[in-house]
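**Student:** Numbering (the numbering used here), first residue to last: 800 to 1050.
Think of the CB as a built atom: it goes at the ideal place given N, C-alpha and C, for glycine as much as any other residue.
None of the values given here were measured: they were computed from a predicted structure.
Before I ask anything, let me first share the structure, which is written out below as structure tokens.
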């Protein structure tokens, strides 16, 4: 199927994802997350873009926005990523590209997809085991979303009744997965799994390598916290599907 030019799309809701070059942790420092959020809010106001939902993780960011002018969205992403790249290079005394390729963008074509996308974005840090519930993660606008700081114009486009709040999944159930695919599902799952591995290493104070016992533990840990197929997990961890299956049986 041929790719539709962004300026030819009729939808006004878009889910964008941007990621560090070579999947580097460009947002790992808290000051970097704060700077990116500052740029999001400043440029959104300047370009009359409504930020519906966003979450800034260590090496990528999810942004759901509403705009009446599709050209403004492209300018918005160019400005925030360009200014952040300058900031990141300055504080790290480096030069060169900061972001991996151009940002990815997905049009939201239905109310169901929109609601699922919001859930998906806010639950990113939950699935990565960084927090237990979305409201605990301070590098998103989940709390603002809850208290209806989003403009009524955009809310009215999301809900027929703007007083109706989204019924978020029970985040205590770590195996809940949103059925709707967003962007490159394999790639995004890979990011979440890497976040899980990072959390596991920190919690258990281990240096995960090819050690059989440690690899078995990480496979079991990941599978408990995200609904991913054995093949998918094997591809990401660069081990065989048979090995993943065996580790799961030994749980």
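Among the residues of its own chain, which have a CB less than 8 Å from the CB of residue 848, if the five just before and after it don't count?
**Tutor:** Result list for residue 848: 842, 864, 865, 866, 871, 872 and 875, in chain order.
**Student:** Candidates 1021, 927, 894 and 939: which alpha carbon is nearest residue 834's?
**Tutor:** Ranking 1021, 927, 894 and 939 by Cα distance to residue 834 puts 939 first.
**Student:** Residue 829: which of 858, 814 and 812 sits nearest, CA to CA?
**Tutor:** Comparing Cα-Cα distances from residue 829 to each of 858, 814 and 812, the minimum goes to 858.
**Student:** Could you tell me which uninterrupted beta strand (DSSP E) segments, each at least 3 residues in length, are contained entirely in the region 889-919, listed from first to last along the chain?
**Tutor:** Segments of the beta strand (DSSP E) lying fully in the region 889-919: 903-906.
**Student:** Between residue 832 and residue 898, what straight-line distance do the alpha-carbon atoms span, to the nearest angstrom?
**Tutor:** For residue 832 and residue 898, the distance between alpha carbons rounds to 14 Å.
**Student:** With distances taken Cα to Cα, identify the nearest neighbour of residue 891 among 827, 879, 1042 and 997.
**Tutor:** Per the Cα distances, 827.
**Student:** Grouping DSSP H, G and I as helix and E and B as strand, with all else coil, what is residue 1037?
**Tutor:** DSSP places residue 1037 in coil when its eight states are reduced to three.
**Student:** Given a threshold of 16 other Cβ atoms within 10 Å of its Cβ, counted over all protein chains shown, does residue 1011 qualify as buried or as exposed?
**Tutor:** Burial call: exposed.
**Student:** Sort 811, 932, 893 and 853 by Cα distance to residue 869 and report the nearest one.
**Tutor:** Of 811, 932, 893 and 853, the residue nearest in Cα terms is 811.
**Student:** Measure the alpha-carbon distance for residue 823 versus residue 1046 and round it to whole angstroms.
**Tutor:** Distance between the alpha carbons of residue 823 and residue 1046: 29 Å.
**Student:** Less than 6 Å between C-beta atoms, sequence neighbours within five positions excluded: which residues of the same chain meet that for residue 854?
**Tutor:** Hits under 6 Å: 861, 920, 923 and 939.
**Student:** Alpha carbons only, please: which of 856, 819 and 935 is nearest the one belonging to residue 836?
**Tutor:** That would be 856, whose Cα lies nearest to the Cα of residue 836.
**Student:** Between 934, 816 and 928, which has its C-alpha nearest residue 877's C-alpha?
**Tutor:** Of the listed residues, the one whose Cα sits closest to residue 877 is 816.
**Student:** Mapping DSSP to helix, strand and coil, what is residue 1011?
**Tutor:** Residue 1011: helix per DSSP, three-state reduction.
**Student:** Just to confirm, are residue 1017 and residue 999 a CB contact at a threshold of 7 Å?
**Tutor:** Closer than 7 Å, so yes.
**Student:** Return yes when the Cβ of residue 838 is within less than 7 Å of the Cβ of residue 882, no when it is not.
**Tutor:** Contact: yes.
**Student:** Please name the residue in 927, 993, 1001 and 819 whose C-alpha comes closest to that of residue 887.
**Tutor:** Measuring from the Cα of residue 887, the nearest candidate turns out to be 819.
**Student:** Using the C-alpha atoms, what's the distance from residue 916 back to residue 1040?
**Tutor:** Their Cα atoms are separated by approximately 30 Å.
**Student:** For residue 991, does the count of other Cβ atoms within 10 angstroms reach 16, so buried, or fall short, so exposed?
**Tutor:** When all chains shown are included, residue 991 counts as buried.
**Student:** Which partner residues of residue 865 appear in the DSSP bridge assignment?
**Tutor:** DSSP lists 812 and 849 as partners of residue 865.
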